[in-house]
Amino acid sequence: MLHRLVRAASPSSLAALGRHWLVRGDHFTALVKAIAPGRRGALVDAVADRATGRDPALSVLRLLPRERRWAEVRRAAAAFDGTDYWFEDLDILANGPIDEARPALLAGIGRSDADDRAAAWPMFVACAARDGGREAVTELLTTAARRLRNDRDPVRAEALGALAETHPGLFHSDDVPLLDAIATGALEARDTSAETLTALRTLAVRVLVEHVQAAATDLRDWALGTLERITGRVGVPDFGPLHRVLRRGQEHEVFEALRPWLDAGAGRADHRLLLGLATALGPRARRMPEVQERLATALERGDDATFRAAARLWLAAPTTRDERVARIVALEPSSVALPSVRRALSRRRTDLLDVLLDAAPPYGRFLVNGARRPLPDLGDSDRWLPRQQRAAVGLVQAAVADASLPLDERAALIRAAAPVPEFGRALALAHKDDPEVVVAEAALGALPWTDRPHAVLPALLEQAGGDRARVAVYAASRAARFTAPSELALALDALLTGERPVKVTSRKEAVRLAARFLPPRRAVSLLTNAFHAPDRHPDVRAAVVRALPPLLDEPEAWRLLDDVARGDSHPVHEALVFVTPWELAETHRRAYAAVIVAVYDAALGLTEGFGGDYFLLRAMEVWCRASSELAVRISRTVCDLGERAHWQTAGSVLRDLAVSGLPHPVGGTAPGSIYHGAVAELLAAMRTAQGGCQAQEGRDLPALQRLRTLTYLGHVGRVHAELLEPLAEQLAPEPLLVTERAYLLVGLVDQAAEPDVLRERLQSLADALEGAGVTVAAHVSEQLWTSSASRALAWRADTLLATADRFARDGGTTTGLLAVGLARGTGRELGWPGPWRSLLRRLRTHTSGDVRHEAHKVMTENE
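Positions in the sequence shown are counted from 1; adding 950 to them yields this note's numbering.
Listed below in structure tokens is the structure:
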């Protein structure tokens, strides 16, 4: 998709996207990589014209054409002053010519700290690989052979990992002694790790693949010898996934190259190389007759470990699996205990399954006399004959009855046998009342997975009143899927009404089953009976309410909701409100919201405890999109000065509705909106005796407190100007809200705006702060610096500088503090160019001591 975007987009739009993605390194790198190499320099230049902070060219050095890359490296190197971290400087230099980077690279791999050396080696390797010349590669390998042998393993791992990532075509026959010295150093080291051996193996395999057809065999022999030495060190030949790196047909060349080694191993009954090669070749080995023949020989002549591995690899080919598994069983009957053989018998050669299921187990090499025989895969039992199914479940029954086995293993056997037709169901029913709880609950959980789940529903529901209900009732949900609705309704009726002594959890699950699996009309009828059950249990009634949304096409469901609205149970009201609009068809949302409005006062009055109203009002907030009346009720909770329990949560909900983007009047702050009306009412209340009372016993400026909560929008990342402007204008006449208004005006300082608009908004902010006090002005100055809206944009720097300079020359404390805020944020983002440093010096000599103090807290450089 990114490549299509790059082809279709104009250069200017790509530059804008690059500036936007510059702070996201991976995104910017992907964008540059998607562009043709010849056009990358132009894009980087376009991004750099208006970029601040990061240098776009240094972010993507490796993707630039060589000459442009070297020029950028030299430009950056000229600016090195020794204050940056050495690693960053070295990373830049490593992208330049190796002759210029050599002193720094050699110093990096020679640092005293092992972590530093481990970080420097990949840069040295990458720099030499980008050069590609014989001199550079020879120097790299000579240095590695000399230094890595006695270095720490993490350093070797990083260096070898970097070598393994280089193109193997860089290595020539002359490099074999050096490569051999590097491999010897890694293999002989006492602290060699798996990471180091993996990197060495990857290097050897890539060299083998690249040079397998070369006229000179030195590199091929080195690769094979290294792989053999790795095998000698760890005992297992590991070529990695060769089938993913070899070119088409190259597997035959690799095999021919390894033939002498394979023949030598076969002569001494050592088939490890063959097994490692067949594993690495994966699917390709199946189409190589000679590999398959050698695997068959390994089966006949190998030891037990070889037999297991060879059987797995030999049976990997689907077309010959049936014939081959018969040959394996004939060769060694006890091989039926091996997973690969057992799997083939269970799925394909079921006629040979009796060898495993007979009364006399096939004891031998892989099934020790007296050991419990492994079971075939019971998930494939539908392919077997009835007598085989009976025999397999009989073995399961014997194992389940063996008290010496762990309970979890016995329970797992019951679950595994459940799908076996007829016999699995009988086994589970036989153990549903087992004295061992783990076994009994496993049997109950297995019943719905048998061949006739509907037939076991009564047995599961019988447990609804006992201790096993925690398993049986939830297992019944699967059985209910396969039960006829008429039978299911009869089975659930007694549970729903509480006629039977069952647990509340069982009744709640029965409510969900009725709503999910019964026809809507029948389901609503049963749910109505459950709601009006004599015990009127609140949790059961709440479950009924939560189950109703999919059934609202039935008129009886709405009558039931009317009963809910007239109730006085908090759990029921909570369940009603916590239904979300997206659970209902769009045609029902407005009517459902009207029900929520009807229960608003009752539901809110029943909340208790710290924050008990939070989740309730937040759930109602979602429903305001379907009912403006509900938003009005929330507004009344905020403005009613007699309401002191829920106004704070309601205020935060009303505030979030204003910035939610919902249409007027629910969303927004414009005149006529619900939010604007609430602010206006509280402003008026500040002039009343109740709303404006000061420092009275039990109350103090209640209307002002509510306004401050309602007008605080700092929790929102970015508020659009159309929301801030009406609110700032509405608060202008009230001097006690000057701080809140100033914070709103800070949000309007958008440096992407046109210069005239930007100057006007900064001036409005300065005017608003006049007379507000030094503390407020200082806080707003800090806000101006940290606000996401005040990030410096290079093409607005002149406007910002001119405004800040005017504020600084004004002489006032408020304007001076704003100038400090602009200098702190914009000057730092721009890298403190000369004019901004001059502005800071001027502010440090300001006539106001507060301005001087704040200006001296800003530093252009850190010591």
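Positions of the beta carbon are idealized from the N, C-alpha and C atoms, including for glycine.
Residues near residue i in its chain [Cβ-Cβ closer than 7 Å; skip 5 each side]
i, result
"Ala905", "What is shown of the chain runs 951 to 1813, which leaves residue 905 out entirely."
"Pro977", "The amino acid occupying residue 977 in the given sequence is His; Pro does not appear at that position. If we look at His977 and ignore the five residues flanking it on each side, its Cβ neighbours are Trp971."
"Thr1530", "Val1572"
"Ala980", "Leu952"
"Gln1640", "Leu1591"
"Leu1407", "Ala1426, Ala1429, Ala1430, Thr1433, Ala1441"
DSSP-derived helix/strand/coil call for residue i
i, result
"Gln1733", "helix"
"Tyr1693", "helix"
"Asp1253", "coil"
"Phe978", "helix"
"Asn1812", "coil"
"Cys1574", "coil"
"Asp1760", "helix"
"Arg1292", "helix"
"Glu1391", "helix"
"Ser1284", "helix"
"Leu1317", "coil"
"Thr1142", "coil"
"Gly1775", "helix"
"Gly1555", "helix"
"Val1582", "helix"
"Tyr1035", "coil"
"His1482", "coil"
"Val1529", "coil"
Start-to-end residues for the alpha helix (DSSP H) that takes in residue i
i, result
"Gln1338", "1336 to 1350"
"Arg1540", "1536 to 1548"
"Trp1782", "Counting along the chain, Trp1782 falls outside any alpha helix (DSSP H), and DSSP gives it neither H nor E."
"Val1770", "1763 to 1772"
"Gly1135", "1126 to 1138"
"Gly1058", "1048 to 1059"
"Asp1596", "Per the sequence shown, the amino acid found at residue 1596 is His instead of Asp. Neither: His1596 is in no alpha helix (DSSP H) and is coded neither H nor E."
"Asp1513", "1505 to 1515"
"Ser1798", "It is not in any alpha helix (DSSP H) - Ser1798 carries neither H nor E in the DSSP assignment."
"Ala1044", "Here Ala1044 belongs to no alpha helix (DSSP H), and DSSP marks it neither H nor E."
"Asp1066", "1064 to 1081"
"Ser1714", "1705 to 1719"
"Ile1364", "1357 to 1367"
"Arg1322", "Here Arg1322 belongs to no alpha helix (DSSP H), and DSSP marks it neither H nor E."
"Leu1832", "The requested residue 1832 is not part of the displayed model; the chain covers only 951 to 1813."
"Ala966", "961 to 971"
"Arg1019", "1016 to 1028"
"Glu1381", "The residue you asked about is not Glu; residue 1381 is His in the sequence shown. Residues 1373 to 1381."
Beta-carbon contacts of residue i that lie in its chain and below 8 Å, excluding the five residues immediately before and after
i, result
"Leu1345", "Leu1307, Arg1323, Leu1325"
"Trp1786", "Leu1751, Ala1773, Thr1776, Gly1777, Leu1780"
"His1596", "Leu1554, Thr1557, Asp1563, Leu1567, Thr1587"
"Asp1489", "Val1454, Lys1458, Pro1521"
"Leu1265", "Arg1271, Arg1274, Val1275, Ile1278, Ser1290, Val1291, Ala1294"
Proximity winner among the options, relative to residue i (alpha-carbon distances)
i, options, result
"Asp1717", "Ala1678, Glu1704, Leu1751", "Ala1678"
"Gly1761", "Leu1751, His1796, Ala1266", "His1796"
"Leu1263", "Arg1637, Arg1658, Leu1288", "Leu1288"
"Pro1268", "Arg1251, Arg1293, Arg1258", "Arg1293"
"Ala1376", "Val1387, Thr1433, Ala1393, Val1389", "Ala1393"
"Arg1365", "Asp1301, Lys1382, Thr1725, Ser1009", "Lys1382"
"Ala1576", "Ser1602, Val1547, Asp1551", "Val1547"
"Thr1088", "Leu1055, Ala1107, Leu1128", "Leu1128"
"Ala1361", "His1193, Val1350, Leu1468", "Val1350"
"Glu1017", "Trp1036, Ala996, Gly991, Arg974", "Gly991"
Residues near residue i by beta carbon distance below 6 Å, same chain, minus five either side
i, result
"Ile1132", "Ala1094, Ala1095"
"His1538", "Leu1502"
"Gly1592", "none"
"Pro1676", "Thr1619, Ala1620"
"Val994", "Pro1006, Ala1007"
"Ala1727", "Leu1719, Thr1764, Leu1767"
"Glu1631", "Cys1589"
Can you list, in chain order, the stretches of the alpha helix (DSSP H) that have 4 or more residues and sit fully within the segment 1400 to 1479?
1407 to 1411, 1419 to 1431, 1435 to 1447, 1454 to 1467
Could you pull out every unbroken alpha helix (DSSP H) segment of at least 4 residues lying fully inside the segment 1616 to 1675, listed in chain order?
1624 to 1635, 1652 to 1661
Any chance you could list the alpha helix (DSSP H) runs of at least 4 consecutive residues sitting entirely within the segment 1149 to 1230, in chain order?
1168 to 1184, 1192 to 1195, 1200 to 1217
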